[in-house]
Amino acid sequence: MRTLLRLLILVWLAAAAEFAAAQAWPSKPVRLIVPYGPGGPVDISARLLAAKLQDALGQPVLPDNRPGAGGNIGVDLVAKGAADGSTLVMSAIATLAINPTLYPGLPYDPLKDLRHVTLLVQVPNVLIVANDLPAKNVKELIALARQRPGKLDFGSGSTGSTGHLAGEMFKMMTGTYMVHIPYRGSAPALADMMAGRVHLMFDNLASALPSIKSDKVRALATTTRARSSFLPDLPTLDEAGLKGFDMTTWWGVSVAAKTPQAVVDRLSAEILKAMDAPDMKERLRNMGSEAPAVRTPDQFAAFVAAELKTYTALVKRSGAKVD
Amino acid sequence: MEGIFGNLAIGFTEVFKLQAITIAGVSMTLPFNILMCLIGVILGTLIGVLPGIGPVATIAMLLPVTFNLAPIAALIMLAGIYYGAQYGGSTTAILVNLPGESSSVVTCLDGYQMARRGRAGPALATAAIGSFFAGCVATLVVAMFAPPLAEVALKFGPAEYFSLMVLGLVAAVVLASGSLIKAIAMVILGLLLGLVGTDVNSGVLRFAFGISEMADGIGFVTVAMGMFGICEIIANLEQKEHREVFTSKVGSLMPGKEDWKRMWKPILRGTALGSALGILPGGGALLASFGAYTLEKKVSAYSHEFGKGAIEGVAAPEAANNAGAQTSFIPLLTLGIPSNAVMALMIGAMMIQGIAPGPQVMTERPQLFWGMIASMWVGNLMLVILNLPLIGMWIKLLTVPYRYLYPSILLFMAIGVFSISNQPFDCFLMACFGLLGYVCVKLGCEPAPLILGFILGPLMEENLRRAMLLSRGDPWVFISPSKPISMGFLLAALALLVIIALPALRKKRQEVFVEET
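As given, the protein sequences belong to chains C and P, one line each in that order.
If you read the first sequence in my numbering, its first letter stands for residue 36, the second for the next number, and so on.
If you read the second sequence in my numbering, its first letter stands for residue 20, the second for the next number, and so on.
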């Protein structure tokens with residue numbers, strides 16, 4: 036009897052502590068680590084989110100740029116940091132799904148050291164080709180690549196970027212061979228494509244859209260399962276015959292793994308509320324993001340695990356590695 | 020022509036438009052856009068003066084604020100910050116040998132020497148006037164020739180960029196006023212330092228010694244502040260209480276008649292070179308100020324004064340960097356391609372506002388496009404009006420005793436370097452470069468060629484390897500007849516090399532540049 040009572044009290048105390056944590060959180064300013072330099076799309080969306088969260092939480096939410104080592108330094112800071120919800124990080128496909136294979140000595144485990152809260156932005160990639168390339172659709176492109184093996188060039192924003200890996204996926208699924216030309220960011224790659232020096236690219240929708248709209252390059256397909264509402268007439272690669280092709284660029288918010296469940300729930304609820312606010316929704320959409328289907332922390336965690344598996348295989352195949 | 024004036028009329032109407040604004044419950048009618056322009060240029064001047072805190076970080080921080088503004092007001096302000104910073108950056112370069120932006124490294128060379136000779140006032144005024152003139156002309160270039168120039172920019176591929184950089188590096192040797200062999204050594208050291216970090220092609224880490232803070236390479240600001248700022252402080256402290264400064268013999272604040280006569284041609288040449296190189300998205304604007312300086316040194320009748328406080332050495336690069344800053348809007352406005360980090364941010368700002376940057380902006384939103392161009396003119400005018408009276412104040416800074424001045428400069432440098440990536444490591448690195456700089460000074464090696472090598476090295480390597488990848492390993496791609504631009508640059512580089520190396524000329528060169536010992 037006594038033991039039972041003790042146990043009950045213990046459980047009650049634990050629950051109360053949990054409750055108190057959720058009530059008390061955040062008791063001090065919250066840091067939102069952006070593991071990249073200021074000004075990129077992840078940084079911009081973090082600043083949009085920080086302004087919204089600040090109003091909802093009643094504590095300052097401060098974006099803190101910690102660039103370095105492809106984003107790993109900033110993410111590691113949170114993975115190893117205090118698990119009290121006072122430090123959040125903008126985690127992304129690079130730091131959670133690609134870098135674990137790209138950087139052999141990664142200091143954190145993306146599944147064990149982090150708790151993934153909410154997926155914030157998910158942008159499709161688009162297969163675009165130079166205007167003077169004869170291929171008018173995906174089928175013709177595959178035929179052209181088969182006919183001229185090793186003659187076509189595909190550009191990307193960097194080695195190990197989603198654009199690069201989407202290209203590798205395309206090569207793998209079609210059994211073709213094309214040469215990867217890495218750039219520093221997708222803008223110079225896009226410029227070389229407009230000039231006809233590079234033949235194709237799997238670019239992020241947000242950066243490619245203006246050039247597509249002004250007919251500087253030609254879009255052939257999106258890399259997502261569903262069509263994009265920005266280009267509703269454009270088929271998906273899945274429709275064009277590459278069954279199951281589904282790649283997006285995404286980022287969201289994560290915290291240290293041992294953060295109390297109540298804090299994670301509250302944070303997730305507030306971020307989702309912020310994302311559903313009409314002005315925020317509009318701005319995220321302007322960045323090329325359509326409301327992601329992944330919403331709860333559990334869904335996000337499952338999504339990260341699935342992406343990690345896909346990209347581990349892809350990076351290994353592409354042969355890219357940072358020693 | 021008529022179209023241009025019509026368009027500019029649209030632009031100026033937009034800039035000076037009166038808007039009903041409600042601030043804190045009080046509604047009033049204000050020329051809001053012009054106010055935003057003023058705020059932008061003031062902010063820009065401030066961050067330009069503060070070493071290390073650059074326009075990228077400032078614009079990123081202000082971005083959420085701008086979302087509540089009309090797109091035109093937001094863009095006018097952000098653009099103002101950008102070219103305002105170009106003005107402000109030269110101030111610290113001239114006064115304390117501290118280049119805040121990469122483009123003001125060259126201004127240090129002769130600007131600081133002018134200040135040491137008690138001519139800080141004319142140097143600052145020359146920088147402001149040169150920048151203003153260049154800004155006005157370059158804005159006109161943007162307004163009239165943006166679309167055709169964008170086509171020219173597209174002609175520059177990896178091979179062309181590589182050859183341009185080769186020409187730039189050869190010219191870097193001319194930057195030094197001392198020994199030829201030492202200048203080459205410094206360029207090579209700069210190239211090596213530029214290789215630190217992640218390799219673009221394979222993603223392999225190079226020369227990082229397992230330090231994760233070095234995975235993204237060494238920051239330009241870290242190197243420049245160490246090699247110029249810290250090194251200068253050490254070198255000055257060495258001379259015990261013998262303050263060479265400047266205050267006792269501060270002459271007139273404004274350039275004299277002789278100065279005007281000497282500066283107008285360099286300003287014209289600098290503007291032309293800056294406008295041309297500014298349209299190239301891959302580091303063209305960076306080359307502009309270095310190129311302008313080198314050009315002046317070659318053509319000027321006063322070339323023996325370069326490195327010792329020649330007014331041409333301030334006027335030309337300042338004009339070039341401001342012209343380049345304006346024309347670097349061309350790829351952004353006409354192709355939607357950002358030519359540097361600030362332009363990428365502007366694209367971010369436009370997209371969040373729901374505007375897709377690109378050629379359609381000009382036709383679909385003429386108010387926005389022409390309003391922005393008109394605002395650059397007004398902004399440049401504001402900057403010169405703002406900066407000329409400030410010169411008197413800046414000069415007073417020089418009378419501050421070393422024991423207050425130097426700790427403050429060190430503090431600001433540390434804050435600036437830290438604020439770039441929030442890593443204490445960078446401050447230590449800056450201190451190391453300070454020591455390296457001091458050693459170089461003692462050895463009679465100048466830092467400017469090192470800095471240029473450091474900037475150009477990574478760009479050059481990247482473009483070389485990209486060009487080779489695209490040509491599948493065929494080195495003839497750089498001099499094939501199908502690439503006349505690339506071939507032209509390489510031939511020019513060769514010609515320059517011959518001029519430098521010719522024994523007869525070298526003898527003359529040694530007469531002119533007797534190494535100071």
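Don't be surprised by glycine CBs; every beta carbon is placed ideally from N, CA and C.
Owing to the predicted nature of the structure, the values given are computational and were not obtained by experimental measurement.
| field | Neighbouring residues, chain C, relative to Phe447/P (Cβ below 9 Å) | value | In chain order: nothing, as chain C lies at least about 15 Å away.
| message | Using a Cβ-Cβ cutoff of less than 6 Å, which residues in the same chain neighbour Glu33/P once the five nearest sequence positions on both sides are dropped? | response | Gln386 and Gly390
| query | Counting contacts by CB-CB distance shorter than 7 Å, is Met370/P in contact with chain C? | reply | yes
| task | Could you check what DSSP says for Gly140/C in three-state terms: helix, strand or coil? | result | coil
| query | Asn166/C CB to nearest chain P CB: under 7 Å? | reply | no
| query | In chain P, which residues lie less than 9 Å from Gly74/C when you measure between Cβ atoms? | reply | Val75, Ala76, Ile78, Ala79, Leu82, Ala360, Val361, Ala363, Leu364 and Gly367
| Which word fits Met96/P, buried or exposed, when buried means at least 16 other C-beta atoms lie within 10 angstroms of its C-beta? | buried
| query | Looking at chain B, which residues of the region 245 to 269 of chain C have a Cβ within less than 8 Å of any of its Cβ atoms? | reply | The structure shown contains no chain B; its protein chains are C and P.
| request: Please compile the residues from chain P whose C-beta is within a distance smaller than 8 Å of the C-beta of Ala222/C. | output: Pro300, Ile356, Pro357 and Ala363
| message | By the 7 Å beta-carbon criterion, what residues does the region 76 to 87 of chain C contribute toward chain P? | response | Pro76, Asp78, Ile79, Arg82, Leu83 and Ala86
| Hey, how far is the Cα of Met401/P from the Cα of Thr48/P? | 21 Å
| Close-in-space but distant-in-sequence residues of the same chain around Met229/C (CB under 6 Å, 5 per side omitted) | Lys251
| Pro102/C to Ser221/P, Cα distance in whole Å? | 20 Å
| said: Can you check which of these residues, Leu489/P, Ala28/P, Asn26/P and Leu448/P, is closest to Met246/P by C-alpha distance? | reply: Leu448/P
| What's the call for Met370/P, buried or exposed, on a 16-neighbour Cβ count within 10 Å? | buried
| task | Check the C-beta distance from Thr211/C over to Ile177/C and give it rounded, since I have them as a contact under 8 Å. | result | 7 Å
| Apart from the five residues on each side of it in sequence, which residues of its chain come closer than 8 Å, Cβ to Cβ, to Ala222/C? | Ser242
| If we ignore side chains and look at the alpha-carbon of each, how far apart do Phe24/P and Asp281/C end up? | 50 Å
| Per DSSP, what kind of secondary structure is Thr257/C in: helix, strand or coil? | strand
| task | Would you check if the distance between the CB atom of Phe151/P and the CB atom of Val403/P is smaller than 7 Å? | result | yes
| query | Between the beta-carbon of Gly289/P and the beta-carbon of Ala339/P, is there less than 7 Å? | reply | yes
| Is Gly109/C close to chain P, meaning its C-beta is less than 7 Å from at least one C-beta of that chain? | no
| Using a Cβ-Cβ cut-off of 6 Å (strictly less than) and excluding sequence neighbours within five positions of Met282/P, which residues of its own chain qualify? | Thr145, Ile330 and Ala334
| field | CA-to-CA distance, Ala342/P to Gly99/P, given in whole angstroms | value | 14 Å
| task | Using three-state DSSP, classify Gln94/C as helix, strand or coil. | result | coil
| query | Does the beta-carbon of Glu535/P have 16 or more other beta-carbons within 10 angstroms, so that it is buried, or is it exposed? | reply | Any reading at Glu535/P must be qualified, since the residue scores a pLDDT of 45, below 50, and its modelled position is unreliable; no value is offered.
| Cutoff 7 Å: Ser501/P Cβ touching any chain C Cβ | no
| task | Excluding the 5 residues preceding and the 5 following Ala227/P in the sequence, name in chain order all residues of the same chain whose CB lies nearer than 6 Å to its CB. | result | Met233 and Ala234
| said: Taking the beta carbon of Leu462/P as the centre, do at least 16 other beta carbons fall within 10 Å, making it buried, or is it exposed? | reply: exposed
| Identity of the residue in Val124/P, Ile58/P and Ala178/P nearest Phe496/P by Cα | A small fix is needed here, since residue 496/P is Val in this sequence, not Phe. It is Ala178/P whose Cα lies nearest to the Cα of Val496/P.
| Which residue or residues does DSSP assign as beta-bridge partners of Ser410/C? | For residue 410/C there is no data in the structure shown, the boundaries of chain C being 36 and 358.
| request: Can you pull the chain C residues whose beta carbon is under 7 Å from the beta carbon of Gly176/P, in chain order? | output: Asp227, Ala230 and Arg232
| Along the chain, which unbroken stretches of the alpha helix (DSSP H) at least 4 residues long are found entirely within the region 432 to 467 of chain P? | 443 to 462
| request: Anything in chain C within Cβ reach of Pro378/P, meaning under 7 Å, just list it in chain order. | output: Ser249
| said: Please list, in chain order, the residues of the region 279 to 305 of chain C that have any C-beta partner in chain P closer than 9 Å. | reply: none
| request: Give the interface partners of Asn321/C over in chain P, defined as CB-CB distance under 8 Å, in chain order. | output: Met370, Ile371, Gln372 and Gly373
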